[in-house]
Amino acid sequence: MENMDLIIVIAIFALALHRELGELRTLSLRSNNDRMALKIAVGLMMLCLVIGGIDRFQQWFEYTFQTHVFFINGWLNSIPYNDLSIYFNYPSEVLVDTFRAIYNYGFYVPFFGLLIRAVAKRDFRALSLLAFGTFAFHYLVHFPFYTLTQGHQVWMVKGEFPPLFRTISPLNHVFPSMHTSISVTYLLLAWKQPNKLIRVLYSIFCPLVIFATFYLRIHWTIDAIAGAAVGIAAVKFAQYATRKQWLPAVINFLRGLWGTEKQREPVSLQS
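So the number in our numbering is just where the residue sits in the sequence shown, counting from 1, plus 2.
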């Protein structure tokens with residue numbers, strides 16, 4: 003059955019979020035808070051769709067303007083212990099299929115898990131952390147690196163034939179690892195959740211996403227280290243933006259553009 007791996011991943015997250023999924027049924031469009039939570043969630047989901055097209059824009063931008071200044075393949079290959087896959091890259095069809103699924107769906111599925119929990123609980127603070135700490139922040143930070151540097155995946159630099167299970171992209175982006183950075187962000191945000199199942203699931207799944215980048219010979223050690231630093235910085239930035247009430251400020255600004263009534267604090271970011 004096609005997409006069975008995606009179904010399994012979604013089922014695992016649904017099991018951990020079964021209480022929150024049940025609470026979604028209590029949402030009411032008559033409630034101002036519920037409507038606001040849904041609007042923010044829809045906005046974040048639309049952002050996901052935009053992010054899905056970023057790679058094409060990045061590819062066009064690089065090939066049109068020839069932006070690469072630093073060519074780092076030699077540097078990546080020269081760093082000791084920079085290729086961790088040599089220690090655990092054992093050939094196994096089961097492991098390959100497992101880590102391929104984890105890698106492919108580890109970028110978006112954990113995000114939607116945290117989003118569902120935030121909407122179900124009407125947790126505007128959690129929504130603010132997701133808004134300022136996930137896709138927008140990560141792409142803004144990674145864009146200069148990906149635009150100015152050219153670095154290839156481990157298998158390509160090592161001169162190996164790319165197996166079909168690997169994600170092959172015309173983009174020459176490895177440093178920093180965005181899968182690592184976003185996974186670290188998800189993990190840190192999940193650790194703040196009161197739901198123990200969510201904390202346990204993310205504590206297992208997010209490190210496996212990072213491990214998958216090594217097992218599939220996609221990322222170098224230094225990519226993951228730099229990505230982890232970006233992931234931590236994203237959470238710190240999101241916490242700062244949340245303390246400063248940036249989400250209500252953005253909502254006020256949008257209401258002003260749309261001509262609706264402007265309130266000083268349209269939502270509360272208190273947990």
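Yeah, the Cβ is synthetic: ideal placement off N, Cα and C, and Gly gets one too.
CB-CB under 7 angstroms to residue i, same chain, minus the five flanking residues each way: which ones, in chain order?
i             : result
tyrosine 204  : Pro112, Tyr188, Leu189 and Ala192
tyrosine 107  : Leu8 and Val11
glutamine 195 : Arg119 and Arg201
asparagine 5  : none
tyrosine 83   : Thr223
isoleucine 81 : Ile224
Between the Cα of residue i and the Cα atoms of the options, which residue gives the shortest distance?
i             : options                          : result
leucine 142   : Arg219, Ile184 and Phe126        : Ile184
lysine 198    : Leu51, Cys50 and Arg21           : Arg21
arginine 124  : Pro146, Cys208, Arg27 and Val232 : Arg27
asparagine 75 : Asp99, Gln152 and Ser33          : Gln152
alanine 235   : Asn34, Ser30, His144 and Phe63   : His144
glutamate 25  : Cys208, Ala122, Phe73 and Leu97  : Ala122
Can you check whether the CB of residue j is closer than 8 angstroms to the CB of residue i?
i             : j                 : result
glycine 2     : alanine 240       : Outside the shown range of the chain (3 to 273) lies residue 2, about which nothing can therefore be said.
valine 186    : alanine 230       : yes
arginine 219  : glutamine 155     : yes
serine 179    : threonine 215     : yes
leucine 23    : alanine 16        : yes
histidine 181 : phenylalanine 109 : yes
leucine 49    : alanine 138       : yes
leucine 117   : leucine 19        : no
leucine 210   : isoleucine 104    : yes
histidine 140 : valine 232        : yes
Might you give, ordered along the chain, the residues of its own chain that have their beta carbon closer than 6 angstroms to the beta carbon of residue i, omitting 5 neighbours on each side?
i           : result
alanine 120 : Ala128 and Leu129
alanine 243 : Phe134
histidine 2 : This structure does not reach residue 2, given that the chain is present from 3 up to 273, and the question cannot be answered.
valine 237  : Gly135, Thr187 and Leu190
leucine 86  : Phe216 and Thr223
proline 29  : Sequence check: residue 29 is leucine here, not proline. Contacts found: Asp36.
Tell me residue i's beta-bridge partners as DSSP assigns them.
i             : result
glutamine 152 : Phe73
With a cut-off of 8 angstroms, does the C-beta of residue i fall near any C-beta of chain D?
i             : result
threonine 151 : This model lacks chain D altogether, as it is built from one protein chain only.
Three CB pairs or more closer than 8 angstroms across the segment 37–53 and the segment 209–225:
Segments in contact, no.
For the pair the segment 122–137 and the segment 231–248, tell me if three or more CB-CB distances fall below 8 angstroms.
Taking one beta carbon from each stretch, the segment 122–137 and the segment 231–248 have 3 or more pairs nearer than 8 angstroms; the two touch.
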